[in-house]
Amino acid sequence: MNHIIDTHIIDTIVKICIKQYGNKIVSIYVVGSFSRGDSIDTSDLDLKIIFEDDVELDEIGYWEFVRDVKFRIHENIDLSPQWISKIKEWGVGIKYDGKLLYGKDIRNEIKDPEICEYIKKLKSISKQFSKKMRGLNEIDYRNLKYPDEKDEFYGYIRYEDKFKQLSRLFSLSFISTAKIAIHGNVIVKSKRTIPELYVKHVDDAFNGWVKNLFYICRDQWHYRIPENNIDRIKLKDICSKALDFEKDFYIKCI
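At position 59 of the sequence shown the residue is numbered 59 (our numbering), and the sequence of numbers has no breaks.
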């Protein structure tokens, strides 16, 4: 289905989840752009379905349920199950960037992670993205190459993704977050604050590149490859500098 995700669709999905899992659910939150109110037409709907720790889900059955919801309602949604103890230990996104849709509000019970553990996790996520986009299990981070040197956009584009062709490129925002945490000793509470926090705490040669990632790739192009030639040249330039952004992080921060 191709209709735009709106409050009616969100309410419908929440009701379907409640009907399916009832009192097994502690809370349902929406996080990210649909929580903040700055979603665009390609934004994915990220719903956090939180269960008590003693709830044992039939994993196969749950993902069949998710596939059915995506088929009937909208493809571009994330309904990953969460368990309450893990969220209380590591639920920054819900605490600072979440909106309660159903159940008990546990945001005040969510702890801020220790900054060292926070940085460690961000480094790990960043490395996983760099490996995944190159299709490798292990890589030499100090001698990185473009994911695809022969490609127009150097392999940083997911051509097959009809919603977010620039999602692979945008995954490098985790590096931005890690650098902010390392240099500023702070937790990034919302993705939308990254460009501002990057300039404030990191302030290096990539200030403009990080801004382009958010203000052009996301806000102007909506994660899609632009159609006009001038913008395609701009995207190619952004992608050409992505490798330097990765290498600078791994050489200086890992």
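Here a beta-carbon is modelled for each residue, glycine too, at the ideal position from N, C-alpha and C.
DSSP, reduced to helix, strand and coil, places Ser-43 outside both helices and strands of the structure shown, so it counts as coil.
Taking C-beta atoms under 8 Å as the contact rule, Pro-195 and Lys-211 qualify, at a distance of about 5 Å.
Closest option to Ser-80, judged by alpha-carbon separation, among Glu-89, Leu-213, Asp-53, Ile-49: Ile-49. In the DSSP secondary-structure assignment, Trp-83 is bridged to Phe-51. The count of Cβ pairs closer than 8 Å, one atom from the segment 183–197 and one from the segment 1–15, stays below three, leaving the stretches out of contact.
Annotation: the continuous alpha helix (DSSP H) that includes Lys-121 extends over 115–132. Within its own chain, the residues whose Cβ lies closer than 7 Å to the Cβ of Gly-91, once the five positions on either side in sequence are excluded, are Ile-110, listed in chain order.
As a beta-bridge residue in DSSP terms, Gly-98 pairs with Val-31. Beyond the five residues adjoining it in sequence on each side, Tyr-250 comes within less than 6 Å, by CB distance, of Tyr-141 in the same chain, given in chain order.
For the alpha helix (DSSP H) assignment, the uninterrupted runs of no fewer than 4 residues enclosed by the segment 167–227 are, from N- to C-terminal side, 167–170, 173–184, 194–201, 207–211. The beta carbons of Leu-166 and Arg-224 sit about 7 Å from each other, so the pair counts as a contact at 8 Å.
DSSP, read as helix, strand or coil, puts Asp-231 in helix. Beta-bridge annotation (DSSP): Gly-93 is not paired with any residue. Residue state for Gly-61 is assigned as helix, using DSSP reduced to three classes. The three-state reading of DSSP puts Asp-140 in coil, since its state is none of H, G, I, E or B.
For Asp-38, there is no enclosing alpha helix (DSSP H), as DSSP marks it with neither H nor E. If you look at Lys-19, you'll find it in the alpha helix (DSSP H) that goes 7–21. Check the Cα spacing between Ile-40 and each of Asn-228, His-222, Leu-243: the tightest is with His-222. Excluding sequence positions up to five before and after Asp-38, its CB lies within less than 7 Å of the CB of Arg-192, all in the same chain and listed in chain order. Of the residues assessed, Glu-246 falls on the buried side of the cut-off, its CB having 16 or more other CB atoms within 10 angstroms.
In the displayed model, Ile-251 falls within a helix according to three-state DSSP. Shortest Cα-Cα distance from Leu-144 to any of Asp-248, Leu-100, Ile-28, Phe-34 involves Asp-248.
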